[in-house]
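Using the working numbering, read the sequence shown as starting at 54 and increasing by one per residue. Heads up: the structure comes next, in structure tokens.
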Amino acid sequence: MERRDVATLHSIVARCVRIGTEVHSDDWAMYWQMDHHIHSVSHHKAVVHCLHFVDPVTGIHTQEVESCWNNLKLGQKIHKGIGRENMQFYLDEKMRRQWRAENPQNAIMFPLRKLHYLA
Numbered sequence: 054m055e056r057r058d059v060a061t062l063h064s065i066v067a068r069c070v071r072i073g074t075e076v077h078s079d080d081w082a083m084y085w086q087m088d089h090h091i092h093s094v095s096h097h098k099a100v101v102h103c104l105h106f107v108d109p110v111t112g113i114h115t116q117e118v119e120s121c122w123n124n125l126k127l128g129q130k131i132h133k134g135i136g137r138e139n140m141q142f143y144l145d146e147k148m149r150r151q152w153r154a155e156n157p158q159n160a161i162m163f164p165l166r167k168l169h170y171l172a
């Protein structure tokens, strides 16, 4: 994200979430009252990380998204950075592999599993 301001964040969230979505986040001020400012967000719940990582009352947490971001950042470190022109390809590939629970060693095998050989 080039600009880290409320208008940019709200614009991205409005484009990316379906109407009626409940958003879970940390308590960063940019997220405050998101459900009052973005039409598609029906509810917004936050966890206050300085108190706990999982809200003991609601069970709300951001552990999965934090793990995803750490995984993406690790890949960038391994590749010593990723150029802007390659960023979308990198994100698409990481997402595809995660959805299919693939690792780089067996990624080539996925298309081959779909082939049927005639005898």
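Here a beta-carbon is modelled for each residue, glycine too, at the ideal position from N, C-alpha and C.
Assigned exposure category for residue 80 - 16 Cβ within 10 Å defines buried | For the purposes of this step, residue 80 is taken as residue 27 along the sequence shown, with counting starting at 1. Under this definition residue 80 is an exposed residue.
If we count the other Cβ atoms within 10 Å of its Cβ and call it buried at 16 or more, is residue 100 buried or exposed?
-> Position 47 of the sequence shown, counting from 1, holds the residue named residue 100. So residue 100 counts as buried.
If we ignore side chains and look at the alpha-carbon of each, how far apart do residue 98 and residue 134 end up?
-> Within the sequence shown, numbered from 1, the residue matching residue 98 stands at position 45. Within the sequence shown, numbered from 1, the residue matching residue 134 stands at position 81. Looking at the two C-alpha atoms, the distance is approximately 33 Å.
Considering only residues of the stretch 55-112, which uninterrupted alpha helix (DSSP H) runs meet the minimum length of 4 residues and lie entirely inside it, listed in chain order?
-> 59-69 and 87-90
Take residue 74 and list the residues in its own chain whose beta-carbon comes closer than 7 Å to its own, dropping the five residues that flank it on each side.
-> Taking the sequence shown and counting its residues from 1, the one referred to as residue 74 is at position 21. Only 93, 94 and 95 meet the Cβ criterion.
Return yes when at least one heavy atom of the ligand FAD lies under 6 Å from the C-beta of residue 135, else no.
-> Inclusion of the ligand FAD in the displayed structure is not the case, the ligand content being empty and no account of it being possible.
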